[in-house]
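Under full-length UniProt numbering, the first residue of the sequence shown carries the number 1, and numbering increases by one thereafter.
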Amino acid sequence: MSKQYEKLLKCYEYYKSVTDFKPRVGLILGSGLGNYGRNMKVVKEIPYGDIPGFPVSTVQGHDGRFLLGYISEVPVVVMKGRVHYYEGYSIEDVVLPTRLMKMMGIEVLFLTNASGGINRTFHVGDFMMITDQISNFVPSPLIGENVSELGTRFPDMTHIYDVELMELIQKTAETEHIRIQEGVYLQTTGPNFESPAEIRMFATLGADAVGMSTACEAIAARHAGVRVCGISCVSNMACGITGEELSHLDVQAVADQRAEEFERLVTRIIEKL
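Dropping the structure here:
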């Protein structure tokens, strides 16, 4: 048994000791969605710090707890706050929550985040459905001994983001009269914002938005056979596009301004899963 899997089992044993709730959908909340719990019937909260060996978020705007409950009739587990590679955790620890949610029982992982817009047709405050990703700028969470209990050594990544779920997102946004962009998301390590030259490089590579999370979680989920979808809130235009300096406080402010509509869109999508 690999050390990664042994650590995961200890987390899962703790989970089973405090609840028998079995979620079908996992939702990871990005910046601006910290109050999402008001949209669900919460039956159990588990602080990350209570779970043995579990990584704890240290970033402003990222609370650290699992919310277990229902969105309409759908059983869900919500990560209120995620951990990031730049916080000093290993990439294996960054995706440990994703793998734990798989063991809890999820079939679908819904990823959300705040990002910097690279595509010049985007505007601050836009929502972008993630259609594909570029993860080469962070280590793969699958490096090292394969956790064969979760998935194969060489998992296919042709459709990281599920085609049927993307169609559902598009139709739901149309029904709710919410404008949504589409594009490729690129993950960097952070915590610094990117330089203008790096943003030009990312644009050349085909990225439409950039952030410091999400792609590694999507890889871990697909490795474990979980269907994935994702929406990003473009909280700022990436460095060098407008000439303005970037601030995490500004990112948080825009994400907070769009939170109500973001919450409504996410809720309506989950209701239809």
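Positions of the beta carbon are idealized from the N, C-alpha and C atoms, including for glycine. Here the structure is a predicted model, which is why all the values come from computation and not from measurement.
With respect to the beta strand (DSSP E) encompassing residue i, which residues constitute its N-terminal and C-terminal limits?
i	result
Phe66	Arg65 to Ile71
residue 302	With the chain covering only 1 through 273, there is no way to say anything about residue 302.
Glu182	Ile180 to Gln187
Phe110	Val108 to Gly117
Val169	It should be noted that the sequence gives Ile, not Val, for residue 169. Segment Val163 to Thr175 is the alpha helix (DSSP H) holding Ile169; no beta strand (DSSP E) there.
Asp132	Phe127 to Ile134
Met237	Arg227 to Met237
Val138	No beta strand (DSSP E) holds Val138; DSSP gives it neither H nor E.
Val147	No beta strand (DSSP E) contains Val147, which DSSP labels as neither H nor E.
Ala224	Unbroken run through Ala224: none, as it is neither H nor E.
Val56	Unbroken run through Val56: none, as it is neither H nor E.
On a CA-only basis, which of the options is nearest residue i? Give me that one, please.
i	options	result
Gly116	Phe262, His248 and Glu260	His248
Val147	Glu263, Ala220 and Pro55	Ala220
Ile231	Arg99, Asn113, Phe66 and Leu96	Asn113
Ala259	Tyr36, Ser17 and Ile180	Tyr36
Val124	Ala224, Leu273 and Val251	Val251
Ala207	Ala238, Leu111 and His159	Ala238
Val234	Phe110, His159, Glu176 and Gly211	Gly211
Thr58	Val138, Arg38 and Val83	Val83
Tyr89	Val138, Pro155 and Gly26	Val138
Ile134	Ala253, Ser213, Ile106 and Ile51	Ser213
Glu149	Asn136, Arg38, Glu107 and Lys102	Lys102
Cβ atoms of residue j and residue i: under 9 Å apart, would you say?
i	j	result
residue 280	Asp256	For residue 280 there is no data in the structure shown, the boundaries of the chain being 1 and 273.
Met104	Phe21	yes
Lys10	Gly49	no
Val184	Ala209	yes
Pro97	Ile28	yes
Tyr85	Val77	no
Leu8	Phe127	no
Arg99	Met157	no
Cys229	Asp162	yes
Pro55	Glu6	no
Gly30	Leu109	no
Ala215	Gly151	no
Glu145	Gln4	yes
Ile106	Gly26	yes
Which stretch, first to last residue, makes up the alpha helix (DSSP H) that contains residue i?
i	result
Tyr48	Per DSSP, Tyr48 belongs to no alpha helix (DSSP H) and is neither H nor E.
Val266	Ala259 to Glu271
Ile241	That residue, Ile241, is in no alpha helix (DSSP H); it is neither H nor E in DSSP.
Val25	Not the alpha helix (DSSP H): Val25 falls in the beta strand (DSSP E), residues Val25 to Ile28.
Ala197	Pro196 to Leu205
Val124	That residue, Val124, is in no alpha helix (DSSP H); it is neither H nor E in DSSP.
Val94	Ile91 to Met104
Would you tell me roughly how many angstroms separate the C-alpha atoms of residue i and residue j, rounded to the nearest one?
i	j	result
Gln91	Leu142	The sequence as given places Ile at residue 91; Gln does not occur at that position. Looking at the two C-alpha atoms, the distance is approximately 9 Å.
Gly69	Ile130	26 Å
Glu261	Ser2	42 Å
Ser140	Glu271	32 Å
Glu45	Gly81	13 Å
Arg24	Ile118	33 Å
Met40	Arg268	12 Å
residue 280	Met166	This structure cannot speak to residue 280, because the chain is shown only from 1 to 273.
Ile180	Phe66	28 Å
Ile71	Val42	9 Å
Ala197	Thr204	11 Å
Met201	Glu13	44 Å
Thr121	Ser195	20 Å
Glu174	Pro47	36 Å
Ile169	His159	16 Å
Glu164	Glu182	15 Å
Val18	Ile199	45 Å
Leu273	Lys171	12 Å
Met79	Phe154	27 Å
Ala253	Asn236	10 Å
Glu263	Asn136	30 Å
Ile51	Glu73	27 Å
Should residue i be counted as a contact of the ligand ADP given a C-beta to heavy atom distance under 8 Å?
i	result
Arg99	With respect to the ligand ADP, the structure shown offers nothing to examine, as it has no ligands at all.
Is residue i close to chain C, meaning its C-beta is less than 9 Å from at least one C-beta of that chain?
i	result
Glu13	Annotation note: the requested chain C is absent from the structure, which comprises a single protein chain.
(request) Answer yes if the stretch 170 to 190 comes into contact with the stretch 239 to 247, meaning at least three C-beta pairs across the two stretches below 8 Å, and no otherwise. (result) no
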